[in-house]
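First the structure, in the form of structure tokens, and then the observations on it.
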Amino acid sequence: MNYAIIAAGEGSRLAQEGVAKPKPLVELQGEPMIGRLINIMLRCNAQSISIIVNEHMTEVREYLESLTLPVPLNLVVKTTPSSMHSFWHLSRVIPQGKFCLTTVDTIFREEDFKGYIEAFETDTAHDGMWAVTPFVDDEKPLWVDVDDEMNITAFKDKAWEGAKYVSGGVYAMTDNAFRVLDDCIEQNISRMRNFQRALVAAGQHLQAYSIEKIVDVDHADDIATAEAFLQA
19 MNYAIIAAGE GSRLAQEGVA KPKPLVELQG EPMIGRLINI MLRCNAQSIS IIVNEHMTEV
79 REYLESLTLP VPLNLVVKTT PSSMHSFWHL SRVIPQGKFC LTTVDTIFRE EDFKGYIEAF
139 ETDTAHDGMW AVTPFVDDEK PLWVDVDDEM NITAFKDKAW EGAKYVSGGV YAMTDNAFRV
199 LDDCIEQNIS RMRNFQRALV AAGQHLQAYS IEKIVDVDHA DDIATAEAFL QA
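Numbering of the sequence shown is given in the numbering used here, commencing with residue 19 and proceeding in unit increments.
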């Protein structure tokens, strides 16, 4: 499995709240968040890891360049206007085949992630598998509508009666998604959630995989929340 990490945000909210380190280097259980993700991916049969950081994150770039990994590390240094644009730049270096993409501040338990990756590795019926969760942690969650077989039918900005899941910020897919991503860029579509809607509109078959809890680190107090979640 190939992996990719979007770590190109500014982390401005953390900085405004007194967190001195860049978000990817904020430690959870003694590991920088981005290092923790890399190590989990290595333990989940990584064949390559592709990461994008912005041009102002010199500490993060230096940290990544100091690593010695047993698999190729494709590092993109680029400041982008959105996570979807970051993904587009990553798509130029992600090897062909199946891959899993996540943002650096998406926190999950390793055992949950392993089960999710194993499910996608053996899946032959879908173009992608999205990690979804009934736990709503995001300030502006992307709600995921599914049918009785957990096939994704729509992505929505607002909840509705009977809504169960929100996107967990972890996306497993094949390189077939790159054609849709290119179209989004050409049409000046922005935001990752609009790319996800474009996948459904293009007829790609996406499966939802439910994980009990996934949390984001957006604010200073989220760090303690994430620590407690991982220790529980």
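Think of the CB as a built atom: it goes at the ideal place given N, C-alpha and C, for glycine as much as any other residue.
Query raised in the report: With residue 25 and residue 42 assumed to form a contact (beta carbons below 8 Å), what rounded beta-carbon distance in angstroms separates them?
Result: The sequence position of residue 25 within the sequence shown is 7, counting from 1. The sequence position of residue 42 within the sequence shown is 24, counting from 1. Contact holds; Cβ gap of about 5 Å.
Requested in this report: Within 10 angstroms of the Cβ of residue 76, are there 16 or more other Cβ atoms? Answer buried if so, exposed if not.
Outcome: If you number the sequence shown from 1, residue 76 lands on position 58. Exposed, because fewer than 16 other Cβ atoms sit within 10 Å of the Cβ of residue 76.
Query raised in the report: If you draw a straight line from the C-alpha of residue 175 to the C-alpha of residue 130, how long is it?
Result: Stepping through the sequence shown from its first residue, residue 175 is reached at position 157. Stepping through the sequence shown from its first residue, residue 130 is reached at position 112. Approximately 25 Å, taken between the alpha carbons.
Query raised in the report: What are the start and end residues of each continuous alpha helix (DSSP H) run of 4 or more residues lying completely inside the segment 68-115, in chain order?
Result: 76-83, 101-109
Query raised in the report: Taking one C-beta from the segment 135-154 and one from the segment 107-115 each time, how about it: are there three or more such pairs within less than 8 Å?
Result: no
Requested in this report: Could you check what DSSP says for residue 34 in three-state terms: helix, strand or coil?
Outcome: One-based indexing of the sequence shown puts residue 34 at position 16. Note: residue 34 maps to helix in three-state DSSP.
Query raised in the report: Which whole-angstrom value describes the C-beta separation of residue 209 and residue 104, a residue pair presumed to lie in contact below a C-beta threshold of 8 Å?
Result: For the purposes of this step, residue 209 is taken as residue 191 along the sequence shown, with counting starting at 1. For the purposes of this step, residue 104 is taken as residue 86 along the sequence shown, with counting starting at 1. No, residue 209 and residue 104 are not in contact; Cβ-Cβ is about 11 Å, not under 8 Å.
**Report entry** Three-way DSSP call (helix, strand, coil) for residue 232 in this model
**Finding:** For the purposes of this step, residue 232 is taken as residue 214 along the sequence shown, with counting starting at 1. Looking at residue 232 - three-state DSSP - the assignment turns out to be coil, as it is neither helix nor strand.
Query raised in the report: Measuring CB to CB, does residue 185 end up less than 8 Å from residue 218?
Result: Within the sequence shown, the letter at position 167 stands for residue 185. Within the sequence shown, the letter at position 200 stands for residue 218. No, they are not a contact pair.
Query - The beta strand (DSSP E) enclosing residue 154, as first and last residue numbers - result: Position 136 of the sequence shown, counting from 1, holds the residue named residue 154. Counting along the chain, residue 154 falls outside any beta strand (DSSP E), and DSSP gives it neither H nor E.
Query raised in the report: Roughly how many angstroms lie between the CA atoms of residue 91 and residue 62, to the nearest whole one?
Result: Within the sequence shown, residue 91 is the residue found at index 73, counting from 1. Within the sequence shown, residue 62 is the residue found at index 44, counting from 1. Approximately 15 Å, taken between the alpha carbons.
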